[in-house]
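Just so you know, the protein sequences line up as chains L and P, in that order.
Mind the numbering: the first sequence is residues 368 to 672 in the working numbering, read in order.
Mind the numbering: the second sequence is residues 4 to 283 in the working numbering, read in order.
Beta carbons are placed, not taken as given, at the ideal position from N, Cα and C, and that holds for glycine.
Okay, so here's the structure we're looking at.
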Amino acid sequence: MGPFLEVLLGGLLTGVLYSLVALGFVLIFKASGVFNFAQGAMVLFAALSMARLQEWMAPTLGWVAFPVALTLSALIMMALAFAIERLVLRQLINQEGIILFMATIGITFFLDGFGQTIWGSDIYEIDLFLSKDPIFLFEDVFPGGLLVDPYELMAAVIAGILVAVLAVFFQKTRVGRALRAVADDHQAAQSVGIPLNYIWLIVWTVAGLVALVAGMMWGAKLGVQFSIALVALKALPVLILGGFTSVPGAIIGGLIIGAGEKLAEVYVGSMFGGGIENWFAYVLALAFLLFRPQGLFGERIIERV
Amino acid sequence: MTLAPSQAGQAETAPPLLSVTNIEVIYNHVILVLKGVSLSVPEGGIVALLGANGAGKSTTLKSISNLLRVERGEVTKGSITYGGERIDQLTPNELVRRGVIQVMEGRHCFGHLTVEENLLTGAFIHGGKRRQIAEDLEKVYAYFPRLKERRSSQAGYTSGGEQQMTAIGRALMSRPKMILLDEPSMGLAPQLVEQIFEIVKSINEQEGVTILLAEQNTNVALRYARYGYILESGRVVMEGAADTLRNNEDVKEFYLGLGGEGRRSFRDVKQYRRRKRWLG
Ligand SMILES: Nc1ncnc2c1ncn2[C@@H]1O[C@H](COP(=O)(O)OP(=O)(O)OP(=O)(O)O)[C@@H](O)[C@H]1O
Ligand SMILES: [Mg+2]
């Protein structure tokens, strides 16, 4: 029982990071119908700026470098959202979805290249001041307790807080309501005076901040390097599982993929000679495409006159 | 065929609140839909824009509210002025701030939002004025008591009539001076249509909101409007005071479904249409 739970928990905690990346996709897709290929690049860019700014300030500021770097990185992500809205989205308003998708591919290559030009292309570290030693949970319940990576636990807690904040923002605030209105019907939202440009700026900013959190947690765990951008590829099966328009879907999809691939690796991996963690998610997604293409939580389209 | 506005008794003294002069609209750079439409709406009036399917009523309203761009339509000629100012280049957001708001054909409620949330989106431009928004919400509920009962239902699951009320109520939340109302009667039972028009009329009278109404239901529209324009394939083919139009033989025949005393044969009708096409 103990080892199984450990694997499950480890998987769920990794899954939280997938969820965060998928969440960024969902936000932008819902509000603007754009499939943002650049989400992974945004995660990398955010992680790079966080790592380098912290590294640069740490000698003089010590631990204070962390909040300062975090704030500056958040501002950088906002500026990025602003630039993308002004220079790309606004110019392409009313174009076909595929053209916008191509534009996000352009943004991806730009961000990958530009990010490495200004921040460098080595492996960098983000210091969250957490101990590398695993912690043991539930020692009274199980003999020996459960072994948990503190970084993953931290990531889960932060992700939980982030999701709660977003939920309140969407459900309770005026701008959140406007975002949901735009997601439902662009034209009607415009007709009541909600400016689309402003809404896009907000969603890209929120997606940028979510990318920052994901990049920071991921980077702290594995080091900040180009492969972080590839994490975004893991978000694809998550989206297929959870549905492209569902925020809870992104979260639960991430958890399922995270837990599923770890369990599969440990318990059936040996049958395939190991390494199934890398492709398990895609096979699961493929199965979903065949049997439930709208995903677990794909929003039902309400049709009624 | 055209009756001069003065003859129809429209007030000549004050300049109109809205005037559309000779506009041409092209969709997708090639499809010419409006071929020189002119109309004017006096402050505090109810003006009807009539015509069959595809005549260009919705396109006219959307050129005023500037919602055409989303559909890749463009006003290529003519001008639109509101309160004496050109408004052709304003965004929908700027127009709503000036008091011009459209209620789109087919309601377009936000399906996943509750009825009350739908209404609140109409107050987006008023930002954080909580007090005002709460008052306006009560006012909308006073006009549409049904919406108060349904306030926490998801709009997508409410009836067509309730959605129409939600759409009108949502527009009211912006505190408009002028509502461009596109086909409120669509798909509703006659009794409900009557009820909605009564409410529109009282909004016009009590709030002083000017109404430009696009309708296929000529009969109802001409009973509530004071003046009307008839659109056919992108042109105004007739205009006049509502009573005058209601008693006009051609209108009776083509739009009110009355036989016109059996005076015209089917062939005359076809000739009439052909003449229209030639003239146009
Ligand atoms: N987005 C669009 N792209 C191309 N053509 C369009 C578009 N929207 C409308 N049209 C065309 O413009 C013409 C006028 O359409 P419009 O919707 O203005 O008519 P309408 O008078 O409102 O008709 P209805 O009573 O059916 O609502 C129609 O021939 C229609 O096919
Ligand atoms: Mg129409």
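Cβ-heavy atom distance, residue i to ligand 2, below 6 Å
{"i": "Glu108/P", "result": "yes"}
{"i": "Lys60/P", "result": "yes"}
Spatial neighbours of residue i in its chain, beta-carbon cut-off 8 Å, leaving aside the 5 residues before and after
{"i": "Val559/L", "result": "Ala548"}
{"i": "Phe496/L", "result": "Trp430, Phe433"}
{"i": "Lys629/L", "result": "Val374, Leu375, Gly377, Gly378, Thr381, Glu644"}
{"i": "Arg89/P", "result": "Ser82, Ile83"}
{"i": "Ile493/L", "result": "Ala414, Met417, Ala418, Gln421, Met583, Gly586, Ala587, Val591"}
{"i": "Ser488/L", "result": "Phe593"}
{"i": "Ala545/L", "result": "Ala556, Ile561, Ile566"}
{"i": "Gly407/L", "result": "Val388, Thr475, Ile595, Ala596, Leu597, Val598, Ala599, Leu600, Ala602"}
Nonlocal neighbours in the same chain, by C-beta distance under 7 Å from residue i, ignoring five residues either side
{"i": "Phe200/P", "result": "Val223, Tyr227"}
{"i": "Trp571/L", "result": "Ile395, Ala448, Ile451, Glu452"}
{"i": "Glu46/P", "result": "Ala17, Leu20, Thr213"}
{"i": "His115/P", "result": "Gln157, Gly159"}
{"i": "Ala436/L", "result": "Met417, Leu420, Gln421, Met424"}
{"i": "Arg173/P", "result": "Asn121, Leu122, Thr124, Gly125"}
{"i": "Leu439/L", "result": "Leu420"}
Cβ separation of residue i and residue j, assumed to be a contact under 8 Å, to the nearest whole Å
{"i": "Lys180/P", "j": "Gly102/P", "result": "3 Å"}
{"i": "Gly48/P", "j": "Thr213/P", "result": "6 Å"}
{"i": "Leu248/P", "j": "Leu216/P", "result": "Contact flag wrong, Cβ pair sits at about 13 Å."}
{"i": "Leu651/L", "j": "Ile624/L", "result": "7 Å"}
{"i": "Ile26/P", "j": "Ser66/P", "result": "6 Å"}
{"i": "Gly482/L", "j": "Leu589/L", "result": "That pair is no contact at about 17 Å."}
{"i": "Arg153/P", "j": "Glu165/P", "result": "6 Å"}
{"i": "Gly616/L", "j": "Phe647/L", "result": "Between Phe647/L and Gly616/L the Cβ distance is about 19 Å, and since that is not below 8 Å, they are no contact."}
Backbone CA spacing between residue i and residue j [nearest angstrom]
{"i": "Lys204/P", "j": "Ala405/L", "result": "51 Å"}
{"i": "Ile202/P", "j": "Pro187/P", "result": "11 Å"}
{"i": "Gln458/L", "j": "Phe396/L", "result": "18 Å"}
{"i": "Gln274/P", "j": "Val254/P", "result": "Confidence in Gln274/P is poor, its pLDDT being 49 and thus under 50, which makes the residue's placement unreliable; the coordinate value appears in the next sentence. So the two alpha carbons sit approximately 16 Å from each other."}
{"i": "Gly480/L", "j": "Val633/L", "result": "37 Å"}
{"i": "Glu97/P", "j": "Ser68/P", "result": "10 Å"}
{"i": "Ile182/P", "j": "Asp552/L", "result": "20 Å"}
{"i": "Gly609/L", "j": "Ala470/L", "result": "25 Å"}
{"i": "Arg659/L", "j": "Tyr146/P", "result": "44 Å"}
{"i": "Gln462/L", "j": "Ala599/L", "result": "25 Å"}
{"i": "Asp507/L", "j": "Leu387/L", "result": "32 Å"}
{"i": "Gln661/L", "j": "Phe611/L", "result": "8 Å"}
{"i": "Gly543/L", "j": "Thr117/P", "result": "14 Å"}
{"i": "Asp91/P", "j": "Ser41/P", "result": "14 Å"}
{"i": "Ala578/L", "j": "Ile595/L", "result": "11 Å"}
{"i": "Ala581/L", "j": "Leu478/L", "result": "17 Å"}
Three-state class that DSSP yields for residue i in the structure shown
{"i": "Thr217/P", "result": "The question names Thr, but residue 217/P in the sequence shown is Ala. In this structure, Ala217/P counts as strand in the three-state DSSP scheme."}
{"i": "Thr381/L", "result": "helix"}
{"i": "Leu37/P", "result": "strand"}
{"i": "Met4/P", "result": "Residue placement at Met4/P is poorly supported in this model, since its pLDDT is 47, which falls under 50; the coordinates are not used for a value here."}
{"i": "Gln92/P", "result": "coil"}
{"i": "Asp185/P", "result": "strand"}
{"i": "Val542/L", "result": "helix"}
{"i": "Trp585/L", "result": "helix"}
{"i": "Met638/L", "result": "helix"}
{"i": "Asn564/L", "result": "helix"}
{"i": "Arg277/P", "result": "Legend: pLDDT at Arg277/P = 47, less than 50; position of this residue unreliable, no value from coordinates given."}
{"i": "Phe503/L", "result": "strand"}
{"i": "Ala51/P", "result": "strand"}
{"i": "Gln105/P", "result": "strand"}
{"i": "Leu123/P", "result": "helix"}
{"i": "Arg153/P", "result": "coil"}
{"i": "Ala11/P", "result": "Unreliable positioning characterises Ala11/P in this predicted model, as indicated by a pLDDT of 44, which lies under 50. A coordinate reading is not provided."}
Cβ neighbours of residue i in the same chain (closer than 6 Å, five flanking residues each side left out)
{"i": "Met176/P", "result": "Leu122, Gly125, Ala126, Asp139"}
{"i": "Arg77/P", "result": "One point to set straight first is that residue 77/P is Glu, not Arg, in the sequence displayed. Same-chain partners within the cutoff: Ile29."}
{"i": "Ser22/P", "result": "Ser43, Thr84"}
{"i": "Val605/L", "result": "Tyr385, Ala389, Gly620, Gly621, Ile624"}
{"i": "Leu657/L", "result": "none"}
{"i": "Ala574/L", "result": "Gly391, Leu394, Ile395"}
{"i": "Ala58/P", "result": "Leu234, Glu235"}
{"i": "Ile502/L", "result": "Val515, Pro517"}
Check: residue i C-beta below 6 Å from any heavy atom of ligand 1
{"i": "Glu463/L", "result": "no"}
{"i": "Ile34/P", "result": "yes"}
{"i": "Asn96/P", "result": "no"}
{"i": "Gly586/L", "result": "no"}
{"i": "Gly642/L", "result": "no"}
{"i": "Tyr258/P", "result": "no"}
{"i": "Gln219/P", "result": "yes"}
{"i": "Gly163/P", "result": "no"}
Interface residues of chain C facing residue i [CB-CB closer than 7 Å]
{"i": "Ala548/L", "result": "In the structure shown, chain C does not exist; the protein chains are L and P."}
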